[in-house]
């Protein structure tokens, strides 16, 4: 990494986090979690931060254990484990409860339907048990499939297309290919596309990773390269995904606008753009890559580090502000 950050426009490639930076990950998750949280007494009055903290604790554990699990399946598993823990907590007569040894506290309230039903579980017939298990499985799967319903931040699509005039845009995201297809269309068009086909993962791609602009049906995609956790075989904050991206960019002159000259480092040609300090900025800093923090003001997760550490070089509150700063630099 160079000793000074230089200018934003000195770089050639932007590596984007998606969920939390471009898409409203927190609201999408929280809305999808609400039916589960309302079903059990310990979680019924959780705040948004308490709910997402509980979710994040389980998610990180599963991502570490199962780095090859598709994200939609992993989300379903998180929902299942979270429900198991809430069931266990609901059966305890305590004034407070927790999933991870701290907050959140158990709210006061009436007994839930699930608690009442637990007393008569032994009376269930085999058919009833099968139906109940099927109902649980359906709810877990629905949560895993909820990615397609998550909303875009209002400034995202226009900002991406503006930035694409100055950089090659790369996705590095904790998601699977099928789930990202829905997001890809929304990011590209600013709304759910009437024709999703240009944004679907190609079955006959000729490159190692998905480069949507090289296909005949590229649509309006602003992205030159898409790397999902399914492609890299790991979830951020693991360094593996970042290392894969850097290696691929270094070997692809079309991404850098030409081959690197002697003494040039690919890390000095790249910026990581993300909301999550823990998932993106810390690993980027560890690898010697500078980053831009999109400090979404409504976010309650991943926006603080111990000791107030600041591993980023630039900070903007929105993607629109970032794109405007780049346009102003380029016009000088």
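Residue numbers (UniProt numbering): 1 to 332.
Virtual Cβ for every residue (Gly too), placed ideally from N, Cα, C.
Open item on the list: Counting C-beta neighbours from all protein chains within 10 Å, is the total for residue 38 16 or more, i.e. buried, or is it exposed?
Closed with: Its Cβ having fewer than 16 others within 10 Å, residue 38 is exposed.
TODO: For residue 299, I'd like the list of residues in its chain whose CB is within less than 8 angstroms of its CB, leaving aside the five on either flank, ordered along the chain.
DONE: Around residue 299, the same chain offers 20, 26, 275 as residues with beta carbons nearer than 8 angstroms, after the five sequence neighbours per side are excluded.
Open item on the list: Taking 6 angstroms as the limit between beta carbons, can you name the residues of its chain near residue 175, skipping five residues before and five after?
Closed with: The residues are 71, 228.
- [ ] Mind the definition here: the region 48-63 touches the region 280-289 only if three or more C-beta pairs lie below 8 angstroms; say whether that holds.
- [x] Verdict: no, contact absent.
Open item on the list: Just to confirm the assignment, what range does the beta strand (DSSP E) spanning residue 57 have?
Closed with: From DSSP, residue 57 is part of no beta strand (DSSP E) but of the alpha helix (DSSP H) over 48-65.
Task: residue 37 in three-state terms, based on DSSP - done: Per DSSP, reduced to three states, the secondary structure at residue 37 is helical.
- [ ] Provide the residue(s) that pair with residue 205 in DSSP beta bridges, ordered along the chain.
- [x] In the DSSP output, where bridge partners are listed per residue, residue 205 has none listed.
Open item on the list: Classify residue 179: buried if its beta carbon has 16 or more other beta carbons within 10 angstroms, exposed otherwise.
Closed with: Residue 179 counts as buried, since at least 16 other C-beta atoms from the protein chains shown sit within 10 angstroms of its C-beta.
Task: Touch test, the region 66-85 against the region 187-202, Cβ-Cβ under 8 angstroms, three pairs minimum - done: As far as the Cβ criterion goes, the region 66-85 does not touch the region 187-202, which means the pair count is below three.
- [ ] Using 10 angstroms around the beta-carbon of residue 35, count the other beta-carbons present and answer buried if the total reaches 16, otherwise exposed.
- [x] Around the CB of residue 35, fewer than 16 other CB atoms lie within 10 Å, so the residue is classed as exposed.
Task: Boundaries (first-last residue) of the beta strand (DSSP E) holding residue 325 - done: Element bounds for residue 325: not the beta strand (DSSP E) but the alpha helix (DSSP H), 319-331.
Open item on the list: Let me check understanding here. Comparing Cα to Cα, which of 75, 250, 12, 56 lies closest to residue 140?
Closed with: Closest in alpha carbon position to residue 140, among 75, 250, 12, 56, is 75.
Task: Close-in-space but distant-in-sequence residues of the same chain around residue 101 (CB under 7 angstroms, 5 per side omitted) - done: Unreliable positioning characterises residue 101 in this predicted model, as indicated by a pLDDT of 46, which lies under 50. The coordinate reading is nonetheless provided below. None.
- [ ] Just mark residue 291 as buried or exposed, buried being the case when its beta carbon has 16 or more other beta carbons within 10 Å.
- [x] By the C-beta density criterion, residue 291 is buried, having at least 16 other C-beta atoms within 10 angstroms.
Task: Residue of 159, 236, 55, 183 minimising C-alpha distance to residue 333 - done: Because residue 333 is not part of the residues shown, which for the chain are 1 to 332, the question remains open.
Open item on the list: Assuming contact is defined by CB atoms lying nearer than 9 angstroms, are residue 29 and residue 326 in contact in what I supplied?
Closed with: No.
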